[in-house]
Amino acid sequence: TVGARFDNAGQDGGAFDKLLNFIFGADSLYTFKNVTSMNLDPMVGLMGIGDKMVTRSITAVGVVVVASGISAIAGAIPNPVSEFVATLFDKLAGLAYLVVLIGLGAGLMLFYLLPLMPFIYFFFAIASWVMEIFEAIVA
């Protein structure tokens, strides 16, 4: 089941599963699913998940930079094994960078844009009310 999947996420999976668990924090998603045990506003919980995702994504950028550095160093050595290592780390860095960008985008949406949504709704409601006033004056 999905709950069992989140319960032991990243512990029995492969390296890619562990990378996704590190960036997206499947453990925090599982604890957020059990909202009855929390005394928080759901928006605060989602903001906390977004904060974790942004922090973990920025940390994972360092891992991607190290992988790119290993790729560059191994590529400078004229050896078939080091060329293989350079190609491997280059491809892994590209994949990890894509996953990091997805995590960073989702985290930024949850941490910064989600709390602004009530203000955005309020702002557009006021703007439409003012436009209706001007429309009534013109009519």
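When we follow the numbering used here, the leftmost residue of the sequence shown carries the number 196, and every step to the right adds one. Even glycine gets a Cβ: it sits at the ideal position worked out from N, Cα and C.
*Tell me whether Lys-247 is buried or exposed, calling it buried when 16 or more other Cβ atoms sit within 10 Å of its Cβ.*
In summary, Lys-247 is buried, with 16 or more beta-carbon neighbours lying within 10 Å of its beta-carbon over all protein chains present.
*What is the rounded straight-line gap between the Cα of Ile-268 and the Cα of Phe-284?*
Straight-line measurement puts the Cα of Phe-284 at about 11 Å from the Cα of Ile-268.
*asked:* Judging by CA-CA distance, which residue of Pro-275, Phe-318 and Val-258 is the nearest neighbour of Gly-289?
replied: Closest in alpha carbon position to Gly-289, among Pro-275, Phe-318 and Val-258, is Val-258.
*For Trp-324, which three-state DSSP category applies?*
Residue state, collapsed to three classes: helix.
*asked:* Just to confirm the assignment, what range does the alpha helix (DSSP H) spanning Ile-253 have?
replied: Segment 237 to 271, the alpha helix (DSSP H) holding Ile-253.
*With C-beta atoms as the reference, is Ser-252 less than 8 Å away from Val-295?*
In contact: Ser-252 and Val-295 (Cβ atoms closer than 8 Å).
_Check this for me: beta carbons of Met-242 and Phe-306, under 8 Å apart or not?_
One thing to note: Met-242 has its Cβ within 8 Å of the Cβ of Phe-306.
_Distance CB(Leu-303)-CB(Val-249) smaller than 8 Å_ = Yes.
*Along the alpha helix (DSSP H) that carries Leu-303, what are the first and last residues, could you check?*
Counting along the chain, the alpha helix (DSSP H) containing Leu-303 begins and ends at 275 to 303.
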